[in-house]
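One structure is given below, encoded as structure tokens.
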Amino acid sequence: MNFIEPITLSGRHATLEPLSAAHHDALCEVVKDGELWRLWYTNVPTPETMQADIASRLDMREKGLWFPFVIRRNDTGALCGSTAFLNIDAPNRRVEIGATWYAASAQRTGINTEAKLMLLTHAFEKLDCIAVELRTHHMNQQSRAAIARLGAKQDGILRSHRLVPGVGYRDTVVFSIIESEWPTVRRHLQFKLER
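If you read the sequence shown in my numbering, its first letter stands for residue 68, the second for the next number, and so on.
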């Protein structure tokens, strides 16, 4: 049995569904909202590279390394982004939440908070994880602030962690939430959503 089985996570604002090739056209439209690929410090597909990105994510799922989702707005039923469990480490009961991007119109709404709450709840309460990581580019201040607002703590910076074509080396900021912190983080996220 795989550590992460196919699952759909549903909340008040958003639903996370397993990614499929059938989501291609809708994701191409989503990514145009804000032309997200233009941020040099992110790794967001363009409409032209979406098919290859989806294929890569599905391949990683087949290998048991990732579990990718699409994010659907519950108010309109439209897709508004993508996220994943990645760097799945079943023996050590650890996952990373990442490869996340949202349409500009969905950013700074309750959707991201609720999506993270659903993913973290699943990780800690269903998968019995001992830690969940979140990572971002050192220069992505918006993402770093959003991760910190979730209640994650910064573990450190992996300097020259990855080579980014056409840019150079990426310094990766690593955050995590550990098992003992989860009850406080859960209450914090629930409180944010209630407001």
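Heads up, the beta-carbon is just placed ideally off N, CA and C, and yes, glycines get one too.
Is the distance from the Cβ of residue i to the Cβ of residue j below 8 Å?
{"i": "R140", "j": "A173", "result": "yes"}
{"i": "M185", "j": "L76", "result": "yes"}
{"i": "A198", "j": "R161", "result": "yes"}
{"i": "W133", "j": "L153", "result": "yes"}
{"i": "W168", "j": "V111", "result": "yes"}
{"i": "V295", "j": "L187", "result": "Any question about residue 295 goes unanswered here, given that the chain covers just 68 to 262."}
Assign residue i to buried or exposed, taking buried as 16 or more other Cβ atoms, counted over all protein chains shown, within 10 Å of its Cβ.
{"i": "W107", "result": "exposed"}
{"i": "M68", "result": "Annotation note: pLDDT 48 at M68 (below 50); position unreliable, coordinate value reported separately. Exposed: under 16 other Cβ atoms inside 10 Å."}
{"i": "T203", "result": "buried"}
{"i": "E96", "result": "exposed"}
{"i": "P135", "result": "buried"}
{"i": "L256", "result": "buried"}
{"i": "N179", "result": "buried"}
{"i": "E72", "result": "exposed"}
Out of the options, point me to the one whose CA is closest to residue i's CA.
{"i": "A213", "options": "H189, V234, T188, F242", "result": "F242"}
{"i": "L146", "options": "T82, R226, A122", "result": "T82"}
{"i": "F70", "options": "A157, G233, H228", "result": "A157"}
{"i": "E261", "options": "T176, R226, E246", "result": "T176"}
{"i": "A121", "options": "H255, H80, A170, P85", "result": "Strictly speaking, residue 121 in this sequence is Ile, with Ala absent from that position. Looking at the Cα atoms, P85 is the closest of the given residues."}
{"i": "R79", "options": "M127, E115, E181", "result": "E181"}
{"i": "E246", "options": "R237, R226, E115, L194", "result": "L194"}
{"i": "A89", "options": "D126, V137, V252", "result": "V137"}
{"i": "E200", "options": "A190, I74, P73", "result": "A190"}
{"i": "S149", "options": "H91, E72, W249", "result": "H91"}
{"i": "E115", "options": "E248, V98, E163, Q221", "result": "V98"}
{"i": "T109", "options": "Q209, T143, S87", "result": "Q209"}
For my contact list, residue i and residue j are in at a C-beta cut-off of 8 Å; report their separation, rounded to the angstrom.
{"i": "G165", "j": "A151", "result": "6 Å"}
{"i": "I244", "j": "G218", "result": "7 Å"}
{"i": "T239", "j": "R229", "result": "7 Å"}
{"i": "A170", "j": "D100", "result": "4 Å"}
I'd like to confirm the pairing. Which residues does DSSP put opposite residue i in its beta bridges?
{"i": "D156", "result": "R161"}
{"i": "F30", "result": "Outside the modelled stretch of the chain, which goes from 68 to 262, sits residue 30, for which no answer is possible."}
{"i": "E200", "result": "E163, S243"}
{"i": "R237", "result": "R229"}
{"i": "A77", "result": "The question names Ala, but residue 77 in the sequence shown is Ser. Answer is T82."}
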